[in-house]
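Okay, so here's the structure we're looking at.
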Amino acid sequence: MGGLTSQFVISALAVVTGGGVIQGIVFILRRRSDLANVDANTEKVRVEADRVRSEIAADLASQLADEATRQASRNLALEKRIDELQAQAATDRSRYETRIAAEIAGATTLILEVAALRNELGVARRQITILENRLNAAHGGTN
Amino acid sequence: MVHAYRPEPVFGVRDNLRTAWDVQPFSFTFSLVTVPVGLLAVLLGDRVSRAFSEIGEGVVSRFLGVLFLVGGSLALAGIVRRTSVFEALGLSALSAGAALYGTGVILGLGMSGMVAGPGYLAISVALARRVQILLALAEESGRDAEQIWVA
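As given, the protein sequences belong to chains Z and C, one line each in that order. Numbering follows this note's numbering, in which position 29 of the first sequence is assigned residue number 148; successive positions increment by one, without gaps. Numbering follows this note's numbering, in which position 38 of the second sequence is assigned residue number 165; successive positions increment by one, without gaps.
Spelled out as C-alpha cells, the structure:
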C-alpha cells in the first residue's frame, strides 16, 4: 500500500478510534454505579471466601489436633498392651521351661532305672544259665 | 440509583497485586508494559516504531502513545485497586491502542508485519472482550441487585 494511502487509512482509523474511545468512556461512566456494585460484590465474595478459608483451616487444625490426641492415646494403650503381652509371654516361657526341665529329668531317671533293671536281668539270666548247667550236670551224673 | 454496599477493605495492596497477578496475568502484564511504551511513543512520536516511521505519522503515533499511557495507567489502577470503572476505561483505551498499532504495523511493514500486526489485533479483541464482560456484569448487577455478580 502506498505511503499516502497508508497515512490516510491510519489517520482515518485514529479518528474513528478516538471517537470510539470517547463514546466508550461516556458509556462506561454512565454505568459506573453498576460497575461499583460489581466491585462491592466481588469484594464481598473475596471477604467471604477468605473467612471460609480461615474457618476451614481452623476446623482442619482442630480436627488434626483431636486426631493426634486420639492417636497418642491409642498408641499409649497399644504400648501398654504390648508390655502386658510381653510380660505374659516371659512368664509362660519360664513356666514351660521349668516344666520341660522336670519332664526331661523324670525321663532321664526312668532311662537309668530301665538300664539298671536290664543289667539285673542280665545277671539273673546268667545265674539261671549257670544253675541250669549245674542241674544238667547233676542229672547226667545220676543217670 | 444503586447504592453499593462497600465492606471494610481487608485486603492490602500486596494482596491485590497478588490477586491481579494470579487472576488477570495477561491484562496486568500488558497494562504494566504499555505505560512506559506509551510514554516513549508520546515523547518520540513515530520514531518509536518502524511501522509508523514508514507511514510517517507522528501525530497518530503520539495519539497511540496517549492511549497506551493513559489506558495502561487506568487499567493497572483498576486491576490492582479492583475498581471495575478504571479497569474498563483503561482496557478500552488499550484495546483501541492495540487495534491502531496492529493496523499500523500491517500498513507500514506489509508482509513483514504479518506476525506483530494480527497479534496486536488479537490482543485488542481480547481486551475488548474483557470490557464487554465487565459491562455485561454491571448490567446484570443493575438489573438484579439481589444477585451476586462477580468480576
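Here a beta-carbon is modelled for each residue, glycine too, at the ideal position from N, C-alpha and C. Computed from a prediction, not measured in an experiment: that's the story for all the values here.
Neighbour flag for residue 204/Z against chain C, beta carbons, 8 angstroms | To locate residue 204/Z, count along the first sequence from 1; it is residue 85. Residue 204/Z does not count as touching chain C.
On the CB-based measure, 16 or more other CB atoms within 10 Å of its CB, does residue 211/Z come out buried or exposed? The count along the first sequence starts at 1 and reaches residue 211/Z at position 92. Burial state of residue 211/Z is exposed, judged by a 10 Å Cβ sphere holding fewer than 16 other Cβ atoms.
Chain-order list of residues whose beta-carbon lies under 8 angstroms from that of residue 159/C (same chain, five-residue window excluded)
Translated into the one-based positions of the second sequence, residue 159/C becomes position 32. Exclusion of the five residues before and after residue 159/C leaves 199, 203 as the residues of its chain whose Cβ lies within less than 8 angstroms of its Cβ.
### Task
Reducing DSSP to helix, strand and coil, say where residue 238/C ends up.
In the second sequence, counting from the first residue as 1, residue 238/C sits at position 111. In this structure, residue 238/C counts as helix in the three-state DSSP scheme.
List the residues of chain Z that residue 262/C touches, going by C-beta distances under 9 angstroms, in chain order. Indexing the second sequence from 1 puts residue 262/C at position 135. Chain Z residues near residue 262/C: 146, 147, 150, 153, 154.
Same chain, Cβ closer than 8 angstroms to residue 115/C, neighbours up to 5 away in sequence not counted | What is shown of chain C runs 128 to 278, which leaves residue 115/C out entirely.
task: Taking only beta-carbon positions, decide if residue 133/Z is within less than 8 angstroms of chain C.
output: Against the first sequence, residue 133/Z aligns to sequence position 14. The C-beta of residue 133/Z comes closer than 8 angstroms to at least one C-beta of chain C.
Measuring CB to CB, does residue 133/Z end up less than 8 angstroms from residue 190/C? By one-based count along the first sequence, residue 133/Z stands at place 14. By one-based count along the second sequence, residue 190/C stands at place 63. Contact flag set, yes.
Report task. Please report the residue range of the alpha helix (DSSP H) in which residue 142/C lies. Result -> Locating residue 142/C in the second sequence gives position 15, counting from the first residue. Unbroken alpha helix (DSSP H) run through residue 142/C: 140-150.
Same chain, Cβ closer than 6 angstroms to residue 175/C, five either side skipped, listed in chain order
Reading the second sequence from its first residue, position 48 is the one you call residue 175/C. The beta carbon of residue 175/C sits closer than 6 angstroms to the beta carbons of 167, 168 from its chain, once the five residues preceding and following it are set aside; these are given in chain order.
Check for me: the alpha helix (DSSP H) holding residue 175/C runs from which residue to which?
For this step, residue 175/C is matched to residue 48 along the second sequence. In the DSSP annotation of this structure, residue 175/C is not part of any alpha helix (DSSP H), being labelled neither H nor E.
- Message: Please classify residue 128/C as buried or exposed, where buried requires at least 16 neighbouring CB atoms within 10 angstroms.
- Response: Taking the first residue of the second sequence as 1, we reach residue 128/C at position 1. Model confidence at residue 128/C stands at a pLDDT of 44, short of 50, so the residue's coordinates are unreliable; what they give is reported in the following sentence. Under this definition residue 128/C is an exposed residue.
Legend entry - Coarse secondary structure for residue 243/Z, derived from DSSP in three states: Numbered from 1 along the first sequence, position 124 holds the residue referred to as residue 243/Z. Under the three-state reduction of DSSP, residue 243/Z is assigned to helix.
Assign residue 210/C to one of three DSSP states: helix, strand, or coil.
Here residue 210/C is taken as the residue at index 83 of the second sequence, counted from 1. In this structure, residue 210/C counts as coil in the three-state DSSP scheme.
Just to make sure I have the definition right: I need the residues of chain Z whose C-beta is within less than 8 angstroms of the C-beta of residue 230/C. Which are they? Counting from one through the second sequence, the residue named residue 230/C turns up at place 103. Result: 128, 129, 132.
Buried versus exposed, by CB contacts within 10 Å (16 or more), residue 141/C:
Taking the first residue of the second sequence as position 1, residue 141/C is located at position 14. By the neighbour-count criterion, in which a residue is buried when 16 or more other Cβ atoms sit within 10 angstroms of its Cβ, residue 141/C is exposed.
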